[in-house]
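Colleague: Residues -20 to -1, 1 to 683, numbered by mature numbering (1 follows the signal peptide of the UniProt record, and there is no 0), are exactly what the sequence shown covers, in order.
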Amino acid sequence: MFASISLTILFLSSTITANAEVPYDTFSVDGFNQTIFTQPAYEPSEVLARDIYVTDENGENVYSSLKQPQDLFIDDNDEIYIADTGNNRIIHLDKEGNLLRELTLPESPLNQPSGLFIDTNGDIYIADTGNKRVLRLDREGKLIKEFGQPESKYIDDKFVYEPTNIIVDRRGFIFIVSRGTYQGIIQLDPEGEFFGFYGTNITEASIMDRVRNIFYTEEQLRRQVRLLPNPIRNIDIDHNGFIYTVSRDVTEQIKKINIRGENQWKEFSFGDNINLNFLRSRSVAKSDEEGPPKTEITDVTVDNNGIVTVIDKASAIIAQFNQEGELLFFWGAPVTSGSPQVGVTKSPVALDTNSENKIFILDDALNLVQVLKPTDFGHDIQMAYILTQEGRYVESEEYWQKIMRQNALFSPAYAGLARAAYSREDYEEALQLYELAGDEQGYSDSFWQIRLSWFQKNFAYFANAFLVIGVGSVIGSRYRMKRKVKKKKSISLSSWKNIQLLKDLKHAFYILKHPLDGMADIRYSNKGNYVSAFIILGLVIVVALTRVYFTSFTFQPVPVGSLNAGSILLVGAVIWISWVICHYLIGAIRYGQARFRDVFVGSAYSLLPIFLLGLPLALLSNIMTLSESSIYGFFTALMVIWCAALFFWMVQALQNYSVGETIINILLSLFSMVMLWVLIFIIVGLSSETIDFIYTLYQEVTM
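1. When you compare only the Cα positions, how much space is there between V148 and G221?
2. Taking the C-alpha atoms as reference points, what is the distance between I339 and K353?
3. Considering only their Cβ atoms, is the gap separating F153 from I146 smaller than 8 Å?
4. Rounded to a whole number of angstroms, what is the C-alpha to C-alpha distance between G160 and Y141?
5. State buried or exposed for K468, treating a residue as buried only when at least 16 other CB atoms are found within 10 Å of its CB.
6. Consult DSSP for G567 and reduce its assignment to one of helix, strand or coil.
7. Could you check what DSSP says for T18 in three-state terms: helix, strand or coil?
8. Do T18 and N302 have their C-beta atoms within less than 8 Å of each other?
9. Distance check for S609 and F576, CA to CA, integer angstroms please.
10. Report the option in L73, D51, D55 whose CA atom is closest to the CA atom of D64.
11. Please list, in chain order, all residues of the same chain as L526 whose beta carbon is under 8 Å from its beta carbon, the five residues on each side excluded.
12. Look at the alpha carbon of L496 and the alpha carbon of Q573, and state the distance between them as a whole number of angstroms.
13. Give the DSSP-derived three-state secondary structure of M(-20) in the structure shown.
14. According to the neighbour-count rule (16 or more other Cβ atoms, all chains shown, within 10 Å of its Cβ), is P86 buried or exposed?
15. What residue does the alpha helix (DSSP H) around P392 start on, and which one ends it?
16. Express the C-alpha separation of W629 and Y675 in angstroms, rounding to a whole number.
17. Got a sec? Which residues, its chain only, sit under 6 Å from I341 by beta carbon, not counting five neighbours each side?
18. Using the Cβ count rule (16 or more neighbours within 10 Å means buried), how would you classify R213?
19. Out of I521, S547, S638, point me to the one whose CA is closest to Y571's CA.
20. Go through its chain and collect everything with a Cβ distance to N92's Cβ below 6 Å, but skip five positions before and after it.
21. For I234 versus Y224, is the C-beta spacing smaller than 8 Å?
22. Should F627 go down as buried or exposed, given a rule of 16 or more other Cβ atoms within 10 Å for buried?
23. Could you give the DSSP three-state label for V620: helix, strand or coil?
24. Using a Cβ-based criterion (distance less than 7 Å to any ligand heavy atom), does R575 qualify as near the ligand MN?
25. Alpha carbons only, please: which of I32, S601, S505 is nearest the one belonging to E82?
26. Opposite W311 in the DSSP bridges: which residues?
27. Cβ of P20 within 8 Å of Cβ of D344?
28. Apart from the five residues on each side of it in sequence, which residues of its chain come closer than 8 Å, Cβ to Cβ, to K466?
29. DSSP state of Q244, grouped into three classes?
30. By DSSP, does E142 sit in helix, in strand, or in coil?
31. Leaving out the 5 sequence neighbours to the left and right, which residues in its chain are closer than 6 Å to G286 when beta-carbon positions are compared?
32. Which residue marks the beginning of the beta strand (DSSP E) containing E82, and which one marks its end?
33. In whole angstroms, give me the CA-to-CA distance for T278 and Q14.
34. I need the boundaries of the beta strand (DSSP E) containing S94, first residue and last residue.
35. Verify whether the separation of the beta carbon atoms of V538 and I590 is less than 8 Å.
36. Let me check understanding here. Comparing Cα to Cα, which of G121, A401, Q129, D425 lies closest to I70?
This is how it looks when you write it as structure tokens:
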């Protein structure tokens, strides 16, 4: 099967079926967080609520368009409710978009209603923002109950109650979003009594705020502006009772909250998964300001399949996620001049889905509702994810294969196929598919199963081998021949001991045991030379290449073929050469005793732990899994710390510095390296400009 997928990629990698009628591009991200093109997941269907006619006092039909509507809700019968905020009314449409009624509540007129919710009984909940209340109406539109500002000892007198959005769970508990309320969502019990604040955002403190908390006194901190959590912008609830909120936070912009108020999508950020800069380069994301595009998520909804959809008003982007918070799609397009384009929103403010999983998007600038329907590709993606989440991996395989036939570049399908292969216990295929999907955890789990099976099959051979070795060692100990062997070796090796190069290389290993004495011998006993230094540098290069090309995907989860060994070696060489030059110059200025030769050789010898530990780590990583990641991480850290310690002792011994002088010298050397790179960058830039100027001047003279 893996071979067939590879052939599909070979023939289809340059082609993605596109729908020319869709006025926007659709994107996703692969397992390596790279933006990829996909076919449209949704296509424009129709525009609703653009032509609304109501009956006036004289019984005549009068055109009455929406005016700055702020919310949209679709009930269990697929009927549409719109909070027409600017006209102080609720518009009720049937599933086809025809007007059924206009709710104005004459006995208690609405004032800028901005939120709606319809429960399973058909009762209508309205966040009447201007009147600072929440209303509950029956299905006929008659007022049942009014919820004003809740009273509690936990709510102070300065609390401003301006309800903007509302939901009700199966128990009858009411959750109210109040404008600017940093304490969280207001939770009322079924009787309307205050139950508490729910889903409060975490205060986001900058680095300077943390520094002030450490060094400022209590009096100084009291004078500072108080840091408060960002208020929640909107809210929704799924069929399982999970509540979803959106905020303008830097992190956790979209939260999935359980009944205890705990966020299930920790550290999730809208901007992390969606490359706004990429969209801006394609003139999709709207931004009149320089710098990174900003986000303003205004609404979230969950369809019957558990697919989460959000809208970003600032960039006019719509994004979809599965129940685990994995990005499925995102799309968007700027509004062009002229009449509104079907499927393109200018200022999306609210959205909801119906039983057919169509998306209804309310636009408060164009005063209409855009309707998008799933394409066959989008439907297959959703079904594949749903079956995968339910653990029905074999059933999902059919959809993932269908997706691959439509778009061989849609790499998330590899993860779905890998899970199906894993469930069939085809671990070899799962291993390859997980690597293509960029899932190091799945890759590691598959390899663990392969390794376990291999050990089980070959355990008898290992047991016999250890038995033979044990018996042989016992027999060999009775007939020791080590003295004769040593004599022969001493004769054969006596001539080699006199070779200077071997002495210098042996001295590199001596430094590992006695770093200060060994480094001092480089300066004062002329131990080591350029040849041995270049040999060690060559070995380090070999290790670097080995780590690039032979480290297991488990510990190096990067796209296949994306690593450029040349650039890695170039960067490493530039850093090392810069260190040698800058350290030698700083040492000469600060009365150090090291010669350039000493610095060159000592810096090369200090890299020897990379060869001793890096090479075995790279090779052994191919028989390790993530369960042994602590071992891999320990020896990697040991290698880095060992090299750093050798560099420190090298500076101290060669320059004859104290510990304090050594630290200062290293810091100055690092600073000099940065200045050297900046200077080279400026010189290269000026040289390029100078060459262009001379060439332009030459052209003008010769014309």
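Every residue gets a Cβ at the ideal spot worked out from N, C-alpha and C, and that includes glycine.
Modeller: Working from what's here:
1. Each residue's alpha carbon lies about 10 Å from the other.
2. One Cα belongs to I339, the other to K353, and the distance between them is close to 6 Å.
3. It is not a contact, given that the beta carbons lie outside the stated cut-off.
4. The alpha-carbon atoms of G160 and Y141 are separated by roughly 9 Å.
5. With a pLDDT of only 47 at K468, under the threshold of 50, the placement of this residue in the model should not be trusted, and no figure is reported.
6. When secondary structure is reduced to three states using DSSP, G567 falls in the helix class.
7. DSSP places T18 in strand when its eight states are reduced to three.
8. The answer is no: Cβ separation not under 8 Å.
9. Between F576 and S609, the C-alpha separation is close to 40 Å.
10. Nearest Cα to D64 within the set L73, D51, D55: D51.
11. One point to set straight first is that residue 526 is Thr, not Leu, in the sequence displayed. G594, L595, A598, L599.
12. Each residue's alpha carbon lies about 15 Å from the other.
13. Only weak support exists for where M(-20) lies, its pLDDT of 49 falling under 50; the value from the coordinates is given anyway. Annotated three-state conformation of M(-20) is coil, per DSSP.
14. P86 is exposed by the Cβ-count criterion.
15. In the DSSP assignment, P392 falls within the unbroken alpha helix (DSSP H) covering 392 to 403.
16. When the Cα atoms are used, Y675 and W629 turn out to be separated by approximately 51 Å.
17. Apart from the 5 residues on each side of it in sequence, I341 sits with its Cβ closer than 6 Å to the Cβ of T325, P328, L331, Q350 in its chain, given in chain order.
18. By the 10 Å Cβ count, R213 comes out buried.
19. Comparing alpha-carbon positions, the option among I521, S547, S638 lying closest to Y571 turns out to be S638.
20. The amino acid occupying residue 92 in the given sequence is Gln; Asn does not appear at that position. Counting only Cβ-Cβ distances below 6 Å, and skipping sequence neighbours, we find T65, T109, G110.
21. Their beta carbons are under 8 Å apart, which means I234 touches Y224 by this criterion.
22. The residue in question, F627, is buried, as its Cβ has 16 or more Cβ neighbours within 10 Å.
23. In the structure shown, V620 adopts helical secondary structure according to DSSP, grouped into three states.
24. Annotation note on the ligand MN: not contained in the displayed structure, which lists no ligands.
25. When each option's Cα is compared against that of E82, the closest is I32.
26. W311 pairs with T6, I298.
27. Contact: no.
28. Residue placement at K466 cannot be trusted, given a pLDDT of 49 that sits under 50; what the coordinates show is reported in the next sentence. Once the five neighbours on either side are set aside, K466 has no close Cβ partner at all.
29. DSSP places Q244 in coil when its eight states are reduced to three.
30. In the three-state reduction of the DSSP assignment, E142 falls in the coil class, being assigned neither a helical nor a strand state.
31. The answer, listed in chain order, is Q303.
32. For E82, the enclosing beta strand (DSSP E) covers residues 79 to 83.
33. One C-alpha to the other measures close to 26 Å.
34. Looking at the DSSP string, the run of the beta strand (DSSP E) that includes S94 is 93 to 98.
35. In this structure, I590 does not lie closer than 8 Å to V538 by Cβ.
36. The shortest Cα separation from I70 among G121, A401, Q129, D425 belongs to G121.
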